[in-house]
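Worksheet: the structure to be examined is printed underneath.
There are 2 protein chains.
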Amino acid sequence: MSSVSATVIAPSFEGDFSPGEAFSLEAGGVLPSPTLHYAIYGRPNAAADNVIFVAHALSGSARVADWWPRLFSQEGLLDTDHNCVIGINLVGSCYGSTGPASIDPASINPASINPGTGDPYGPQFPLVSIRDNVRLQVRLLEELNIHRLKLVIGASIGGMQAIEWAIQFPQRVERVVSIGAAPLQAMGLGLNHLQRQMIQLDPAWKGGRYLPGQPPRQGLALARALAVCTYKSAELFEHRFARKPDRGGEDPWASFHEQGQGLSGPRFDIAGYLDYQGERFVERFDANAYLAITRMMDTFDPARGYASAEAAFRRIEAEVMLVGISSDWLFPAAQIAEMAASMLQAGVRCDHRELISSHGHDAFLAEPDELARLIRPFCLQ
Amino acid sequence: MSSVSATVIAPSFEGDFSPGEAFSLEAGGVLPSPTLHYAIYGRPNAAADNVIFVAHALSGSARVADWWPRLFSQEGLLDTDHNCVIGINLVGSCYGSTGPASIDPASINPASINPGTGDPYGPQFPLVSIRDNVRLQVRLLEELNIHRLKLVIGASIGGMQAIEWAIQFPQRVERVVSIGAAPLQAMGLGLNHLQRQMIQLDPAWKGGRYLPGQPPRQGLALARALAVCTYKSAELFEHRFARKPDRGGEDPWASFHEQGQGLSGPRFDIAGYLDYQGERFVERFDANAYLAITRMMDTFDPARGYASAEAAFRRIEAEVMLVGISSDWLFPAAQIAEMAASMLQAGVRCDHRELISSHGHDAFLAEPDELARLIRPFCLQ
């Protein structure tokens, strides 16, 4: 561990971008006027060849330094003395870019007594894909006069964006690092589906038309708690919690009604932890955005529209590094290794590494120093 | 595959037993008058030394041949030409034994205008443990003049009962086979907790006071769907479903509202499968019983009340076979192997086998022939 101060790193600029015209989506819908919220750390140099795009994961934001601070303190990674780092909030999210909580322009009735107002998209928000986001990200960077990226890096949904950048815009990116990302397999698709149903089961969801301040808290918390199980590993949970009773003093052997908790009963420590993770998440995330982004995650498939994944990979000109995480059961390391083999087969200059960690999928957040050690040589080439 | 007719094997007798007095529970509650529903296949011989108790898993019943039919067609296992097979429904379940849907004697008011009626236990049903069930099972067998069992066999919660039989009543059992059973680890405890919360999130649960015919269908279906994920393996799901769209013709790429399904959206095939498994389960299981039995499963811990698991195992006189399932992630094979090592250390004549299967925890139901092949030599000794 190097000694790094815990000072929050602030962006040098935060802004919003809109292409100023309707945007047609891969799945068939249209966003009449999408907005991208972005954050910039450091500055582009004169040649604008020092720009790194960091693509965020499901619940992240454009403010990269808020969720990946230690990569900023690593020379040769996101150090802003040498690099300009840009983060862009996903369309479909709830941190500044257009999402289900944004006003649906179609709902604005100019003849109404409040002609300027309208309703949020809510359940009418269309399916937005990873590729849609990448295409919009390119438009934003064009606007900023950034025509080529030194590096696109991301993990999970961020890694999906990185891969689509390499495939869809081969001329525009020099180097790509994708961590713990691949098309979801059946188990992951199933668990995402169940998470969406938990939100919808909450009567407060109201078919997606809940009011601000009255979100489906319990459903979203429960979905997050299940997601946390998929982001961590059984090994880590066993090490941390094993069969300990809840640290708040509950006795798992008490009869249900004795502690007034209904039949769910007094908890083991792991249950208290999952509940806490769920409750915290509700304070910072929107339920409909969660539905939208998990579907974005589900539909990621680089082969879509090509004869095969390999055919898609043949388009890649960037140097690619794929990182699997040894204990990741949402995106198994073996699947990442297969994708790397397929890229090599397709002629991609693809480097493959495995992050050995018990932290599961979340290792990209939980083990930033180990991750940095693994990817630095590639990023510094 | 041998050729076996699909004829349903009927019990030679089904009945109910009550000890006729209040029963004090391990966790501290009392059941004033518990009933055990049981089924017998074949007949005890004159010495009553041919009796096999088959302990059922979470959603099973006393009617063993309904859920484990192929073990009845295997000579040397449950063939009723030579053996008398008995199944006993768990207290806490909903197939005839006392459970949350039974009338709570405390709710019967003799002064009411309907003196004979009362309310179901519902959320007042006390915590009943594996050991409580085993103690009651011994009482029932005493009543039937069966003082010693040739074999206790079970998988999952059934395997937990088998282990407690060996520890608590060492004189009463000759041989024990426990399949895919061990104290739940943190991941399993967490996922059971989330399943209970799904049921409770359903407004139809009504604090456990739902009316017959108006159960929390969606919550219970969702809990079962998650349980199915824990009972199967990622490998099996990937082989069967991969990223295929729902076989009913839904397009995972359709926008949510296009098919009128809310934001959860059109499904992948795995999602359709999980939904179907959930819906089927609701037709045959009670939500409060699900809460009660998952807590019974959570609290299983052979070491409880002893200095260690090994100290508990030292009581065992039976020959034991522990079977792990290679792809089981609810009760990992490595954990079963450790328990076997601990039994050996404690001086138990313990045999350990691993069922190699991609079917996950469910392999004990999905691969009966393979299982039979593995355990027959031990059972025939």
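Protein chains in written order, with this note's numbering: chain S, 1 to 381; chain B, 1001 to 1381. Yeah, the Cβ is synthetic: ideal placement off N, Cα and C, and Gly gets one too.
Residue environment analysis places arginine 1295/B among the buried positions, since at least 16 neighbouring C-beta atoms fall within 10 angstroms of its C-beta.
Counting only residues of its own chain and dropping the five nearest sequence neighbours on each side, glycine 248/S has a CB closer than 7 Å to the CB of Gly272. DSSP places isoleucine 1356/B in the coil class of the three-state scheme, outside both helix and strand. It is roughly 46 Å from the alpha-carbon of leucine 201/S to the alpha-carbon of arginine 43/S. Among the CB atoms of chain B, none fall inside 7 Å of the CB of glycine 272/S.
Shown here, phenylalanine 1017/B sits in a strand according to DSSP, grouped into three states.
In the three-state reduction of the DSSP assignment, proline 123/S falls in the helix class, which pools H, G and I.
Phenylalanine 313/S: member of the alpha helix (DSSP H) spanning 309 to 313, first to last residue. Taking a contact to require three or more Cβ pairs closer than 8 Å, the segment 46 to 59 of chain S and the segment 143 to 153 of chain S qualify as touching.
The shortest C-alpha to C-alpha distance from arginine 1070/B to any of Arg1243/B, Leu1322/B, Ala1366/B, Leu1127/B is the one to Ala1366/B. The straight-line gap separating the alpha-carbon atoms of arginine 139/S and proline 19/S is approximately 7 Å. Under the three-state reduction of DSSP, valine 1134/B is assigned to helix. The C-alpha of serine 93/S lies about 34 Å from the C-alpha of glutamine 381/S. Not one beta carbon of chain S lies nearer than 7 Å to the beta carbon of proline 1245/B.
Taking one beta carbon from each stretch, the segment 131 to 146 of chain S and the segment 99 to 113 of chain S have fewer than 3 pairs nearer than 8 Å; the two do not touch. DSSP places valine 91/S in the coil class of the three-state scheme, outside both helix and strand. Nearest Cα to leucine 1141/B within the set Ala1363/B, Gly1213/B, Phe1169/B: Phe1169/B. At a cut-off of 7 Å, the C-beta of glutamine 1195/B has no neighbouring C-beta in chain S. In the displayed model, valine 228/S falls within a helix according to three-state DSSP.
Scanning the segment 127 to 178 of chain S from its first residue to its last, the whole beta strand (DSSP E) runs of 3-plus residues come out as 151 to 155. Under the three-state reduction of DSSP output, serine 342/S falls in the helix class. In the DSSP assignment, phenylalanine 1364/B falls within the alpha helix (DSSP H) that extends over 1363 to 1366. For phenylalanine 1169/B, the closest Cβ of chain S is not nearer than 7 Å. The C-beta separation of glycine 99/S from alanine 62/S comes to about 13 Å, leaving the pair out of contact by the 8 Å criterion.
Close to chain B, meaning a Cβ-Cβ distance shorter than 9 Å, are the following residues of the segment 199 to 211 of chain S: Ile199, Gln200, Leu201, Asp202, Pro203, Trp205, Gly207, Gly208.
Interface with chain B (7 Å Cβ-Cβ cutoff): cysteine 94/S is excluded. As the crow flies, the alpha-carbon of phenylalanine 1023/B is around 49 Å from that of asparagine 288/S. Proline 183/S reaches chain B at Arg1243, counting residues in chain order whose Cβ is nearer than 7 Å. Shown here, phenylalanine 285/S sits in coil according to DSSP, grouped into three states, outside any helix or strand. Between the segment 1323 to 1339 of chain B and the segment 1211 to 1219 of chain B, the count of C-beta pairs closer than 8 Å stays below three; the two stretches do not touch. A direct Cα-to-Cα measurement between valine 1282/B and aspartate 351/S gives close to 49 Å. With fewer than 16 other CB atoms across the displayed protein chains lying within 10 angstroms of its CB, proline 110/S is exposed.
Within chain S, no C-beta atom comes less than 8 Å from the C-beta of cysteine 1084/B; the nearest is roughly 35 Å away. By the Cβ neighbour-count rule, serine 59/S is buried, with 16 or more other Cβ atoms within 10 Å of its own. Selection Tyr276/S, Gln197/S, Ala182/S evaluated against valine 228/S yields Tyr276/S as nearest (Cα-Cα). Excluding five sequence positions before and after alanine 1372/B, the CB atoms of its chain that fall closer than 8 Å to its own CB belong to Arg1070, Leu1071, Gln1074, Leu1077, given in chain order.
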